[in-house]
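Last residue of the sequence shown: number 445 in this note's numbering, and the count goes up by one each step with no gaps.
Please read the structure below before turning to the comments.
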Amino acid sequence: MSSTDKSTSTSTDRCADWIAVDWGTSRMRAWAMTDDGITLASTSSDKGMGSLAPHQFEAALLDAISPWLNPGRTTPVVACGMVGARQGWVEAAYRAVPCAPAGELMSVAVADSRIAVYLCPGLKQQTPADVMRGEETQVAGLLAAHPGFEGVVCLPGTHSKWVRVHEGQLTAFQTFMTGELYALLATQSVLRHSVAAQGWDDAAFAGAIATALQNPADVSGRLFSLRAEALLADLAPQTARARLSGYVIGLELAAARAYWDGQPVAIIGATQLGLHYSQGLQQLGAQSDIHDGEALTLKGLHAAYQQMTGD
């Protein structure tokens, strides 16, 4: 790995049986794995899809995983995420829902005989139009960890997803640009002068959730009030941060009511954001459980590897 990479890694003396990769827009994470799904080592770098041309992916991958390779054999690499997007290494075609979250992998031509690379396809929905890449692997991991799961999956993030799962199939989903809207408002709008980057106010968050659910049309006006209250009444920046988050998450929960109302919700992402979604759902009387996103990514990639190898 080059000295200019912003990366972290752990090491192992044993070569990997196969390698799991989660390759997003801004970062790439990889794990050296055994056939039975045990993690031997891990690494991450800032060589995400958005910074690479198609001909640069193989070198970026080898830069990260070379210490885990056995020169005498070909090591399978199973990758999910934006690496399979149209702007990525090679486009892995979308599969249409309803379908199982894990599908047939796409092989990628490589020059180095030490690796064989396979990409997980994303999923698509015609009406209303929607797509996902990477989240389907986490849903596959959830089903591997909890066979027979029935209900709704929420995947908070920049573009959060709500997914229906029935009889082992992903039947419908919807994407909300909540995280991106929050970031734009907090850092590029007039609210950047009033919203803190850190800190929190639970009561302000809960109040904003309630407002967004009771009267979603009122939120646009309430947003500017954050700036006005900061000027007129010294609204604390951390309170403004929590209230802004409550408004945008509340709008999402209002729009996604058909998904969570009366259904158990599995939240994928044991992060502070995942906890905020759980708190919002609890406030609305919905039940939810939080699951570790990285662990489910690995379980989903392992399920794809087993499906490919027939194990």
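We put the CB at the ideal spot given by N, CA and C, even for glycine.
{"Asked": "In this structure, what does DSSP give as the bridge partners for residue 252?", "Found": "212, 241"}
{"Asked": "Going by DSSP, what residue range makes up the alpha helix (DSSP H) through residue 310?", "Found": "Taken as a continuous stretch (DSSP letters only), residue 310 belongs to no alpha helix (DSSP H), being part of the beta strand (DSSP E) at 303-310."}
{"Asked": "Below 8 Å on the Cβ atoms is my guess for residue 177 versus residue 198; work out the distance and round it to an integer in Å.", "Found": "5 Å"}
{"Asked": "For residue 425, does the count of other Cβ atoms within 10 angstroms reach 16, so buried, or fall short, so exposed?", "Found": "buried"}
{"Asked": "Exposed or buried, what is residue 367 when buried is set at 16 or more other beta-carbons lying within 10 Å of its beta-carbon?", "Found": "exposed"}
{"Asked": "Rounding to the nearest angstrom, what Cα-Cα distance links residue 399 and residue 430 in this structure?", "Found": "16 Å"}
{"Asked": "Distance, Cα to Cα, residue 324 vs residue 382?", "Found": "16 Å"}
{"Asked": "Count the other C-beta atoms from every protein chain shown that fall within 10 angstroms of the C-beta of residue 312, then say buried if there are 16 or more, exposed otherwise.", "Found": "buried"}
{"Asked": "Give every residue of the same chain whose Cβ lies closer than 8 Å to the Cβ of residue 421, excluding the five residues on either side of it in the sequence, and list them in chain order.", "Found": "398, 399, 415"}
{"Asked": "Compare the C-alpha of residue 374 against each of 297, 243, 316, 349 and name the closest.", "Found": "316"}
{"Asked": "With a 10 Å radius around its C-beta and 16 neighbouring C-beta atoms as the bar for buried, classify residue 410 as buried or exposed.", "Found": "buried"}
{"Asked": "Consult DSSP for residue 151 and reduce its assignment to one of helix, strand or coil.", "Found": "coil"}
{"Asked": "Are the beta-carbon atoms of residue 372 and residue 330 separated by less than 7 Å?", "Found": "yes"}
{"Asked": "What do you reckon, are the CB atoms on residue 380 and residue 339 nearer than 7 Å?", "Found": "yes"}
{"Asked": "Kindly give me the distance between the Cβ atoms of residue 173 and residue 432, rounded to whole angstroms, as I take these residues to be in contact under 8 Å.", "Found": "7 Å"}
{"Asked": "Of the residues 170, 212, 201, 223, which one's Cα is nearest the Cα of residue 188?", "Found": "223"}
{"Asked": "Near residue 267, which residues of its chain fall below 7 Å by C-beta distance, leaving aside the five closest residues on each side in sequence?", "Found": "215, 216, 218, 219, 256"}
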